[in-house]
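*Asks:* Dropping a structure here in structure tokens format, bear with me for questions.
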Amino acid sequence: MRRQTLWVLPLLVVAFVLVGPACGQEGKEERTSNEPTPAEIEAQQPAELLAAAKKWREVLECRLQRPSEVKRFHVSCTGATLLDVRITDCCMAGDHWEVKTKNWDRAPNTAVTTSPGPVGQYGLTSRVYNYGGTALNPGHLNALVECSYLHGIDIFSAGSFITFSSDGNCTVTDLGMRDAIHRRP
């Protein structure tokens, strides 16, 4: 009896290894990586963050005459807990853009995102948070946004669209352009 039990046990282990992972998986696609799916990422976000930046929205163009230029905007918000910024190539497919946002308050923070290159396709949204404003201006969000050309087809003038959105009331001021070789947040 003992020999039969030892002989059957390896067969059960092999059967479990081959069939076990498929049990209860009917109709489900097999995952090929450990990276979360977009639905899983969205499910992990608190509902207030997903719906937050809907009160104010503005789209502006960033047009540069040469790759060394940086276009700057000042964003000022009242009643805002966050500022979302994203960028897309506007005109000729193949250009890649970067947008950096820095908010100065009690805990300054920076967000950076890029565009993937196809016209009209936005990269990921970047977000800066308002951590209470400053002692002189509590609750106020005060951010600098810089748009720059990373690389691409190198035909100038070149342009992109920047989408700004927030849960507060905001205004954007165009600060113009400047040349910069080393750009950092």
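Here the working numbering is used: the first residue of the sequence shown is 2, the next is one more, and so on. Note that beta-carbon positions come from the ideal geometry of N, C-alpha and C, so glycine has one too. These numbers were taken from a predicted model, which means no experiment stands behind them.
(1) Using the three-state DSSP reduction, which class does G153 fall into: helix, strand or coil?
(2) Using the C-alpha atoms, what's the distance from W105 back to R179?
(3) Report the rounded CA-to-CA distance for L84 versus T115, giving the unit in angstroms.
(4) Looking at the secondary structure, which residues open and close the beta strand (DSSP E) in which I182 lies?
(5) Smallest Cα separation from R64: which of L125, T82, V100?
(6) Can you tell me which residues form a DSSP beta bridge with S127?
(7) How close, in whole Å, do the beta carbons of M93 and I182 come, if the pair is a contact with beta carbons under 8 Å?
(8) Should K72 go down as buried or exposed, given a rule of 16 or more other Cβ atoms within 10 Å for buried?
(9) Just to confirm my understanding: we take V60, look at its own chain, exclude 5 residues before and 5 after, and list those with CB closer than 8 Å. What are they?
(10) Per DSSP, what kind of secondary structure is L51 in: helix, strand or coil?
(11) Using CA coordinates, which residue listed in V120, S69, G124 is at the minimum distance from A112?
*Replies:* Reading from the atomic positions:
(1) Taking the first residue of the sequence shown as 1, we reach residue 153 at position 152. Coil.
(2) Taking the first residue of the sequence shown as position 1, residue 179 is located at position 178. Taking the first residue of the sequence shown as position 1, residue 105 is located at position 104. Going from the Cα of R179 to the Cα of W105 covers about 21 Å.
(3) By 1-based counting over the sequence shown, the position of residue 84 is 83. By 1-based counting over the sequence shown, the position of residue 115 is 114. Those two C-alpha atoms are separated by around 16 Å.
(4) Looking up residue 182 in the sequence shown gives position 181. Taken as a continuous stretch (DSSP letters only), I182 belongs to no beta strand (DSSP E), as it is neither H nor E.
(5) Translated into positions along the sequence shown, residue 64 becomes position 63. Answer by Cα proximity: V100.
(6) One-based indexing of the sequence shown puts residue 127 at position 126. Answer is V86.
(7) In the sequence shown, counting from the first residue as 1, residue 93 sits at position 92. In the sequence shown, counting from the first residue as 1, residue 182 sits at position 181. Between I182 and M93 the Cβ distance is about 24 Å, and since that is not below 8 Å, they are no contact.
(8) Counted from its first residue, the sequence shown places residue 72 at position 71. The residue in question, K72, is buried, as its Cβ has 16 or more Cβ neighbours within 10 Å.
(9) Position 59 of the sequence shown, counted from the start, is the residue given in the question as residue 60. Only F162, I163, T164, F165 meet the Cβ criterion.
(10) For the purposes of this step, residue 51 is identified with residue 50 of the sequence shown, where counting begins at 1. A caution first: L51 carries a pLDDT of 47, below 50, which makes its placement in the model unreliable, though a value can still be read off. In the structure shown, L51 sits in a helix (DSSP, three-state: H, G or I).
(11) Residue mapping note: residue 112 aligns to position 111 of the sequence shown, counting from 1. Closest by alpha carbon: G124.
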